[in-house]
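Notes to accompany the following structure.
This is the structure we're talking about:
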């Protein structure tokens, strides 16, 4: 068998092995217990996995094809292969730190829980701990001076406090002062009372609502009508004018209350409408004179 035939057979084997290894890797990734938490992370993982498989096959080709025939192997291809393998193993170590650190049972993140679930459990635990500390009633056995209630003899007895109890009492002095009382006060004020829950919203003026709806509808139909009239006259709308900006100049010049009137004029009079003639005049200024919208505003506002 000549060298060309050997090379052709090797290319066929190379393709078959590449497809098989990538298929096995795909099945392994979708096995139970293996999950990726983000779409971008999944894409990057698939990409580097494909590079890793191709790199392994390249090394195999180098060992079984180039070396027996004493052929020169490209150094750039070899360096790219080695760097791809290193990057792939770094991704594996970052993705599964418990494997890299040899964590024992019960240590490290669970394989069946995502990072978002772990964070949610942590936040719930922290909030429940703060809530229990805030709802705990103050100690009534001692007063602020450390004196206990009067006993059988009628005289108050003063007990010496331990340093830990003193620090705890200073950190949580009770109702009326200190940060814990502020926390309890804010929590009590943030709870909705029955009067707030049953409060009804004021009635909406249906006339104003319908008027606003008519203005918005007319705003959209005016833009469509201007485009239709421009097509009838074989006139091109200047570049930079999107559909929603065709009515902004008319709205700023005549006001929002005139939108329904402008729409009626465009529908009945067509190209002879003086509102459409204003639009054509603005378009001609844009094309020929090179003016801007700011210049037109100054013109109709009397500042130009």
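Residue numbers (the UniProt record's numbering): 1 to 304.
Note that the Cβ used here is the ideal one computed from N, Cα and C, for glycine as well.
Who are the near neighbours of residue 220 in its chain, counting only those whose CB is closer than 7 Å to its CB and skipping five residues on each side? Position 220 of the chain shown, counting from 1, holds the residue named residue 220. So no residue of the chain qualifies.
Relative to the C-alpha of residue 228, which residue among 212, 248, 267 is closest? What you label residue 228 is simply residue 228 of the chain shown in a count that begins at 1. For residue 228, the nearest C-alpha among the options comes from 267.
Secondary structure of residue 236, DSSP reduced to three states: On the chain shown, residue 236 is found 236 positions in, with the first residue counted as 1. Coil, per DSSP.
Contact set for residue 275: own chain, Cβ-Cβ below 7 Å, skip 5 residues either direction: Your numbering for residue 275 matches position 275 in the chain shown. Only 250, 262, 265, 266 meet the Cβ criterion.
Go to residue 286, then tell me how far its alpha helix (DSSP H) extends in each direction, as first and last residue. By one-based count along the chain shown, residue 286 stands at place 286. First-last for residue 286: undefined, no H or E at that position.
Residues in its own chain within less than 6 Å of residue 252 by CB, not counting five upstream and five downstream? Mapped onto the chain shown, residue 252 falls at position 252. So no residue of the chain qualifies.
For residue 215, which of 260, 236, 234 has the nearest alpha-carbon? As a first step, residue 215 is located in the chain shown; it is residue number 215 there, counting from the start. Of the listed residues, the one whose Cα sits closest to residue 215 is 260.
For residue 270, the three-state DSSP class (helix, strand or coil): In the chain shown, residue 270 corresponds to position 270, counting from 1. Three-state DSSP puts residue 270 in a helix.
Short of 8 Å in beta carbon distance, which residues of its chain neighbour residue 257, apart from the five on each side in sequence? Order them along the chain. As a first step, residue 257 is located in the chain shown; it is residue number 257 there, counting from the start. Excluding positions up to five away in sequence, the list reads 215.
Quick check on DSSP: helix, strand or coil for residue 207? Locating residue 207 in the chain shown gives position 207, counting from the first residue. Helix at residue 207.
Rounded straight-line distance, which links the Cα of residue 247 to that of residue 210: Counted from its first residue, the chain shown places residue 210 at position 210. Counted from its first residue, the chain shown places residue 247 at position 247. Cα to Cα, residue 210 sits roughly 20 Å from residue 247.
Assigned exposure category for residue 231 - 16 Cβ within 10 Å defines buried: Position 231 of the chain shown, counted from the start, is the residue given in the question as residue 231. It counts as exposed.
By Cβ distance, which residues of its chain are closer than 7 Å to residue 233, with the 5 residues on each side in sequence left out? Along the chain shown, one-based indexing puts residue 233 at 233. Correct list, in chain order: 271.
Beta-carbon contacts of residue 225 that lie in its chain and below 6 Å, excluding the five residues immediately before and after: Locating residue 225 in the chain shown gives position 225, where the first residue counts as 1. These residues qualify, in order along the chain: 266.
May I have the straight-line CA-CA distance separating residue 236 from residue 56, to the nearest angstrom? To locate residue 236, count along the chain shown from 1; it is residue 236. To locate residue 56, count along the chain shown from 1; it is residue 56. Their Cα atoms are separated by approximately 59 Å.
Own chain, CB closer than 6 Å to residue 218, minus 5 neighbours either side, in chain order: One-based indexing of the chain shown puts residue 218 at position 218. Excluding sequence neighbours, residue 218 sits near 259, 260, 263.
Beta-carbon proximity list for residue 212, same chain, < 6 Å, skipping 5 on both sides: Here residue 212 is taken as the residue at index 212 of the chain shown, counted from 1. Cβ neighbours of residue 212 beyond the five flanking positions: none.
Got a sec? Which residues, its chain only, sit under 7 Å from residue 269 by beta carbon, not counting five neighbours each side? In the chain shown, the residue the question calls residue 269 occupies position 269. The answer is none, since no qualifying residue turns up.
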